[in-house]
Amino acid sequence: MGGYLGPDLTNVMSAPGKGELYVRALLKIGTDVMPNYNMPESEIAALVAYLDYVDQTGNFPEPNARRTWYGSIKIVDDSP
Amino acid sequence: MKKDFVPHLFIGIALVSFVAAMAIGCIAGIQYLYPSFLKDELAFYQIRPLHVTFALSWIVLSIFGGIYYYLPRICDTNLHSRGLSRVHVYLFIGTGLAIIVSLVLGIFGGREYMAFSPILSIPVLVGWGLFAFNYFRTLYKKLDRWPVFLWMWATGIVFFLFTFTEAHLWLIPYFRNNLVRDLTVQWKSYGAMVGSLNMLIYGTALYLMYSITKDEKMAYGSKAFALYFLGFANLLFGWGHHTYIIPASPWIRTVAYAISMTELLILGNIMWHWRKKVSSSLKYAELLPARFLFSADLWVFLNLAVALFISVPALNVLTHGTRITVAHAMGTTIGINSTILLASVFYVLSQKYSGVLERHRLMINRGFYLFHISLFAFLTFLVLSGMERGEWLNQESSITFRALQLSIRPYLTGFLISGVGLATGALMFVIPALKCLHCFFTGRKEVESDLSESDQLYCGSI
């Protein structure tokens, strides 16, 4: 669900307009919020692999999730 | 070496940690508004563990200071080994400095809340071990009937040793290599560790209430023991609501939450009834710890209200992962735990330095009110920004994270201003407390040459 200073990264590897090159560029240059950590290539590759793994675990927000009146989350299968 | 040297030294470094935690918190508040502030020198990923380390140090060190001071008086004997207590305090100062330097240099290796290298956990564990040994050896065969606060401290010490060790099980591949097992053990240990610290803090509150009013019910009453047993149950089972990301039956969380809330309710109830017994004839310095306990009582009820609000499942789904949860955590850490520990600090200092405290009465009073009003504003802004984020998390539209950050900027500004107010208010009563400690460590002769005439008068009158 993201942090307090940065956005959610669950699907950053498969999001339109983002992906591996985008992630690598951010890690190498930094942003106005995130510093450039001067990571070696091996650490960048490990982070990219981790984000790839996270991307495979599901979606956030989950398009088929429905909130019940009780506050719990239900996954609805809309497929025919 | 002076008697009570170690308790006063613990209290001194606890107060310095308290001020440092708030100063660093203010820097973090500025970074929320201006992310590039100190981005390359002291980035948020360093600021956060530093803030947590200083806040935890304040809590733990002030607990040590209090218990080392109270224990010999309760047992009417000397501490089993003052030498070991000195080793304990110097070990903690050395380890604390090593942790701070490593975090500033960006050397991590641990996990959330204990981000420093696990190697540094060894001296921490040894220090707690020395404390436990001294505590139980001092108590051994001294009392026929233990008052409730001795049970609470004993339980808190034993279970802290257990949960602190448990929190490092991730170092063993068997735990680390299974995600669900790893998360379960990690959050279980943290949840139970909070329960252990609560035992030590609530025990301190009961001891202070007993000492101020000499009310036997605070030491041996059934309600006090009910708080102990409920706190113990919370320690054993209350971690259930810390493991929300682990697949578990909903009833586990509900039971855990109910135990936590009932514990707070009983603590609030005990304090509420105790208020009436505090004599109005007490002098200012004697009344000061009681005033901090009164305010802790109000924060207990306010936090209960917030906790009950966010525990309603339909609302919890909107508040989870937002600053509303942070508001609840800060409300308990600052509003309840810190005010109880401040009561303990001022109780110890008022035993010998009531003159110094009386001399700074106006400043302490202003600081006290500024601290509490700022804390109320601080928590309100956290809740407001949390509500905005909760709505964003649960809506269908695709507003970007950056747009959300811009929309909550007014709340973050209020959060920063109230945070600065909180730190300023705290400084206004911490400075007189540090002056008392200065009197203690320098002794009368040194004091006469270092302090102003008015301060000499009060230090000299001890």
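Residue numbers (the numbering used here), protein chains in the order written: chain V, 45 to 124; chain X, 278 to 739.
Cβ atoms here follow ideal geometry from the backbone N, Cα and C, with glycine treated the same way.
This structure is a prediction, so every number in the text was calculated from the model and none was measured.
Query	Result
For X/Phe502 and V/Val67, the rounded distance between their alpha carbons	56 Å
Alpha-carbon to alpha-carbon, X/Leu448 and V/Pro60	38 Å
Chain X within 8 Å of V/Arg111, Cβ atoms only	yes
Spatial neighbours of X/Val403 in its chain, beta-carbon cut-off 8 Å, leaving aside the 5 residues before and after	Leu368
X/Ser615 versus X/Leu380 - alpha carbon distance	24 Å
Cβ pair X/Phe437, X/Ser473 closer than 8 Å	yes
Same chain only: Cβ atoms within 6 Å of X/Leu327, ignoring 5 sequence neighbours per side	Ile301 and Leu380
Whole-angstrom distance between X/Glu318 and V/Ile73, CA atom to CA atom	16 Å
Cβ neighbour criterion (16 or more within 10 Å) applied to X/Gln682	buried
Spatial neighbours of X/Ser726 in its chain, beta-carbon cut-off 6 Å, leaving aside the 5 residues before and after	Summary for X/Ser726: the model assigns pLDDT 38, below 50, so the residue's position carries little reliability, and this model does not support an answer.
Any C-beta of chain A under 8 Å from that of X/Pro312	Looking for chain A here will not work: the only protein chains present are V and X.
8 Å Cβ cutoff, X/Ala257 in contact with chain V	This structure cannot speak to residue 257 of chain X, because chain X is shown only from 278 to 739.
Cβ-based neighbour list, V/Lys118, same chain, cut-off 6 Å, excluding 5 preceding and 5 following	Arg110 and Thr112
Contained alpha helix (DSSP H) runs [length at least 4] in the segment 555 to 588 of chain X, N- to C-terminal order	561 to 588
Chain X contact for V/Met45 (CB, 8 Å cutoff)	Because the pLDDT at V/Met45 is just 40, under 50, the model does not fix this residue reliably, and the value given afterwards should be weighed accordingly. Yes - at least one Cβ of chain X is within 8 Å of the one on V/Met45.
Same chain only: Cβ atoms within 7 Å of X/Val555, ignoring 5 sequence neighbours per side	Ile489, Thr490 and Ala567
X/Val633 to X/Trp551 span [Cα, whole Å]	27 Å
Bounding residues of the alpha helix (DSSP H) (the contiguous stretch that carries V/Ala109)	It is not in any alpha helix (DSSP H) - V/Ala109 instead sits in the beta strand (DSSP E) that spans Ala109 to Arg111.
X/Arg803, DSSP secondary structure in three states	One cannot answer for residue 803 of chain X here, as it falls past the ends of chain X, which runs 278 to 739.
Assigned exposure category for X/Ala562 - 16 Cβ within 10 Å defines buried	buried
Separation of X/Gly667 from X/Trp708, as counted between CA atoms	The sequence shown places Ile at residue 708 of chain X, rather than the Trp named in the question. Each residue's Cα considered, the two are about 39 Å apart.
Partner residues on chain X for V/Asp76, Cβ-Cβ distance less than 9 Å	Pro312, Ser313 and Lys316
Beta carbon proximity, X/Phe678 to chain V, threshold 8 Å	yes
X/Ile523 - DSSP class collapsed to helix/strand/coil	coil
Distance between V/Val92 and X/Leu361 (C-alpha atoms, nearest Å)	49 Å
Alpha helix (DSSP H) segment containing X/Gln672, residue limits	Premise fails: X/Gln672 is in no alpha helix (DSSP H) and is neither H nor E.
Minimum Cβ-Cβ distance from X/Val622 to chain V less than 8 Å	no
Whole-angstrom distance between X/Phe506 and V/Pro79, CA atom to CA atom	48 Å
Span separating the alpha-carbon of X/Thr442 from that of X/Phe408	16 Å
Status (buried if at least 16 other CB within 10 Å, exposed otherwise) for X/Tyr345	buried
Beta carbon of X/Leu348 nearer than 8 Å to that of X/Tyr451	no
From V/Asn55, V/Pro51 and V/Ala89, residue whose alpha carbon lies closest to that of V/Ala69	V/Ala89
Buried versus exposed call for V/Thr101 [16 or more other C-beta atoms within 10 Å across all chains shown]	exposed
Identity of the residues DSSP links to X/Arg388 by a beta bridge	X/Met391
Continuous alpha helix (DSSP H) stretch holding X/Gly404: start and end	Ser398 to Leu416
Under 8 Å between C-beta atoms of X/Leu356 and X/Leu711	no
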